[in-house]
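Here's the structure we're looking at; comments come further down.
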Amino acid sequence: MTICVAIFVKKKIAMAIMITEECINCGACEPECPNNAIYEGGAEWKYSDGTSLKGIITTLDGSELLADHPHEPISMDVYYITHDKCTECVGFHDEPQCAAVCPVDCCVDDPDYRESEDELLAKKSFMHL
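Residue 2 is where the sequence shown starts when you use my numbering, and the numbers rise one by one after that.
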């Protein structure tokens, strides 16, 4: 008698992390991010901040720009996370460190932005040569 066993592997679909309006601007999250993807409200962000990216880069979506090019702040009032640099700490830690240290639990999954673990690892490799 032969027994057939099917194993289903669920591919992890991750969500980017976002900071909600409940943020108290304590700043605990910012130094914990291995990608420097967290910025204080009103601060411009750059691909080069906290990464090995320099000069002209080709982003993962295929556009070319200077790594030091400043991008508009995503939030003016509270800390924010740029999706372009957030890897949810994949490849660095077992869980997003911003969420682990946030005293008010405002670092949460962003249901409007989803990436696979492979995409997050590719982003990590892109930023940290």
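Yeah, the Cβ is synthetic: ideal placement off N, Cα and C, and Gly gets one too.
DSSP, read as helix, strand or coil, puts A38 in coil. In this model, E41 and L61 are separated by some 24 Å (Cα to Cα).
Here P71 is near E45, since their CB atoms are less than 7 Å apart. Rounded to whole angstroms, the gap between the alpha carbons of T88 and M77 is 22 Å. The straight-line gap separating the alpha-carbon atoms of L67 and T83 is approximately 17 Å. Within the DSSP bridge table, the entry for C108 names I20 as partners.
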